[in-house]
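Student: Numbering (our numbering), first residue to last: 52 to 201. Just so it is clear, CB atoms sit at the ideal spot from N, CA and C, and this is done for glycine as well. Fair warning: this is a prediction, and the values are worked out from it, not measured in the lab.
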Amino acid sequence: MAIRKLRLEGDEILRKKSREVTVIDDKIKMILNDMVDTMYKNDGVGLAAPQIGLLKRLVVIDVGDEHVYKMINPKITASSGKELDQEGCLSVPEIKGDVLRPTNVTCVYTNENGEEITLQTEDHLLARCICHELDHLEGTLFIDKMKKQI
Ligand code: ZN
């Protein structure tokens with residue numbers, strides 16, 4: 052377990068597309084644990100692997116619902132609703148702004164035990180966070196979608 056160095060906006064790795072994870076080994080599990088540690092250390096609610104300099108489709112999320120999600124190759128398969136709300140990002144520390152996101156999403160991912168999980172969100176913050184983190188895997192930052200800077 053270790054705290055990893057956060058990559059900040061301007062670092063070109065944040066603009067690259069991440070690759071699928073094909074083998075879930077101890078190294079991947081260690082990266083996920085380091086991502087969780089790094090997220091907590093920086094008071095974040097989510098973190099994607101490019102933010103620690105790795106172009107792998109890995110996301111961790113904890114929005115305070117007593118569940119730490121460790122997602123491998125997550126995909127959004129359905130979404131509904133729309134809500135404009137404030138967002139920030141550990142890689143863009145100086146900026147917060149409103150982003151339009153779905154209020155509910157269905158997310159399919161593989162967990163660290165290799166099981167396929169289908170998560171249907173009810174919590175708007177969780178849906179927002181999943182959308183934000185999955186954007187990171189495509190090289191997209193929330194500031195690209197921001198309506199209004201606060
Ligand atoms: Zn972010």
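1. Please report the Cβ distance between D149 and L135, rounded to the nearest whole angstrom; I am assuming they are in contact, meaning their Cβ atoms lie under 8 Å.
2. What first and last residue would you give for the alpha helix (DSSP H) that runs through N84?
3. For I79, which of T128, I146, M122 has the nearest alpha-carbon?
4. Between the C-alpha atoms of D116 and K67, what's the straight-line distance to the nearest angstrom?
5. Run the proximity test for S142: is its beta-carbon closer than 7 Å to any non-hydrogen atom belonging to the ligand ZN?
6. Considering only heavy atoms of the ligand ZN, does any lie closer than 7 Å to the CB of H183?
7. Comparing C-alpha positions only, which one of V72, D85, A53, L98 sits nearest to L59?
8. Would you list the residues sitting across from E134 in a DSSP beta bridge?
9. Can you tell me whether H118 sits near the ligand ZN, meaning its C-beta is under 7 Å from at least one heavy atom of the ligand?
10. How should E145 be labelled, buried or exposed, when 16 other C-beta atoms within 10 angstroms of its C-beta is the threshold for buried?
11. Going by alpha carbons, who is nearest to L191 out of D85, P101, N93?
12. For F193 and V110, I'd like the C-alpha separation in whole angstroms.
Tutor: Taking the definition as stated:
1. 5 Å
2. 77-92
3. M122
4. 30 Å
5. yes
6. yes
7. L98
8. R152
9. no
10. exposed
11. First, the residue type needs correcting, since residue 191 is Thr and not Leu in the sequence shown. Checked all of D85, P101, N93; the closest Cα to T191 is P101.
12. 16 Å
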